[in-house]
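*Asks:* Have a look at the structure that comes next, please.
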Ligand SMILES: [Zn+2]
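In our numbering, the protein residues as written are 656 to 917.
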């Protein structure tokens, strides 16, 4: 099940390196909910609602108007999305985050002390590093510096659940990971590769265009993970799904609703 946990209005140059700054895109904030034996695995959690709704916190964390996140409802987007699917937050038995950006790790507070949370070790080390750099890159320590979180740290490609493999795709952030999801034969088999922010848009994939957000690497270095994901997807015959594409995400959400009803 695909979730849209909000929207963010961003200059296209954040998604595609070299794109015009004055072209503003409204991009969905993605989450993926996967049914496992005995529970659900949530990939990415959306924004920390407190940082968006509290005006003083919002001023600190989102000083630029054009980056102002839009939340879908009045409550917690993850809980509301689960509710619409007839699920309680307790139905989520594990969580994985692609990376620690504010629009992906912001609702870890809902799962701290409750379920295991998968992340790349490199990503957490960077996020918890002392210098002010992570916050300047929209990695907000308050989202994940919580001793109650039951971290499951990966060093590179790792199967995090049967049929779900984290693929190390650093560049966007130092420990970014994408996910290969193999679907069970009972739902028709096949699968998907979820790039998340290794490739925001279809054009990053189709034209192998560098992404505009990267940490500690040259922009060109973000193309290598895209090629790797393309090769993985091609080898398996899976679709490679970009993380923030305003057309692909809603279309695939509908497709999933039809293919995996209630
Ligand atoms: Zn990101």
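All C-beta atoms, glycine included, are put in the ideal place defined by N, C-alpha and C.
From residue 996 to residue 804, what distance separates their C-alpha atoms?
*Replies:* A question about residue 996 goes unanswered here, because the residues of the chain that appear run from 656 up to 917.
*Asks:* In this structure, how does DSSP classify residue 678 when only helix, strand and coil are distinguished?
*Replies:* Of the three classes helix, strand and coil, the one that applies to residue 678 here is coil, per DSSP.
*Asks:* With hydrogens ignored, establish whether the beta-carbon of residue 773 is closer than 6 Å to any heavy atom of ligand 1.
*Replies:* Residue 773: no, Cβ never under 6 Å from ligand 1.
*Asks:* Suppose you measure from the CA of residue 828 to the CA of residue 798; what does that come to, to the nearest Å?
*Replies:* Distance between the alpha carbons of residue 828 and residue 798: 16 Å.
*Asks:* Roughly how many angstroms lie between the CA atoms of residue 857 and residue 745, to the nearest whole one?
*Replies:* Distance between the alpha carbons of residue 857 and residue 745 is about 34 Å.
*Asks:* Is it right to say residue 830 is buried, meaning 16 or more other beta carbons lie within 10 angstroms of its own, or is it exposed?
*Replies:* With 16 or more other Cβ atoms within 10 Å, it is buried.
*Asks:* Under a criterion of Cβ closer than 7 Å to any non-hydrogen atom of ligand 1, which residues qualify, in chain order?
*Replies:* Matched residues: 754, 756, 758, 759, 827, 828, 852, 868.
*Asks:* Check whether the stretch 784 to 792 and the stretch 738 to 752 are in contact - that is, three or more C-beta pairs closer than 8 Å.
*Replies:* No, the stretch 784 to 792 is not in contact with the stretch 738 to 752.
*Asks:* When you compare the CB positions of residue 832 and residue 823, do they come within less than 7 Å of one another, or not?
*Replies:* Cβ atoms of residue 832 and residue 823: closer than 7 Å.
*Asks:* Select from 706, 779, 775 the residue whose C-alpha is nearest the C-alpha of residue 762.
*Replies:* Nearest of 706, 779, 775 to residue 762, Cα basis: 706.
*Asks:* Are the beta-carbon atoms of residue 826 and residue 751 separated by less than 7 Å?
*Replies:* No, Cβ-Cβ distance for residue 826 and residue 751 is not below 7 Å.
*Asks:* Three-state secondary structure (DSSP) at residue 874?
*Replies:* Note: residue 874 maps to helix in three-state DSSP.
*Asks:* By the three-class DSSP mapping on this structure, what secondary structure does residue 748 have?
*Replies:* Three-state DSSP puts residue 748 in a strand.
*Asks:* Per DSSP, what kind of secondary structure is residue 779 in: helix, strand or coil?
*Replies:* DSSP places residue 779 in helix when its eight states are reduced to three.
*Asks:* Quick check on DSSP: helix, strand or coil for residue 786?
*Replies:* Here residue 786 sits in coil by DSSP.
*Asks:* To the nearest angstrom, report how far apart residue 867 and residue 666 are at their CA atoms.
*Replies:* When rounded, the distance between both Cα atoms is 10 Å.
*Asks:* Kindly give me the distance between the Cβ atoms of residue 664 and residue 723, rounded to whole angstroms, as I take these residues to be in contact under 8 Å.
*Replies:* Between residue 723 and residue 664 the Cβ distance is about 7 Å, and since that is below 8 Å, they are a contact.
*Asks:* Which residue's Cα is closest to the Cα of residue 697: 656, 908, 710?
*Replies:* That would be 656, whose Cα lies nearest to the Cα of residue 697.
*Asks:* Would you check if the stretch 814 to 821 and the stretch 777 to 786 touch, i.e. whether three or more CB-CB distances between them fall below 8 Å?
*Replies:* Short answer: they don't touch.
*Asks:* For residue 775, which of 815, 758, 691 has the nearest alpha-carbon?
*Replies:* With distances taken between Cα atoms, residue 775 lies closest to 815.
*Asks:* Classify residue 806: buried if its beta carbon has 16 or more other beta carbons within 10 angstroms, exposed otherwise.
*Replies:* It counts as exposed.
*Asks:* For residue 675, count the other beta carbons within 10 Å of its own beta carbon; 16 or more makes it buried, fewer makes it exposed. Which is it?
*Replies:* Result: exposed.
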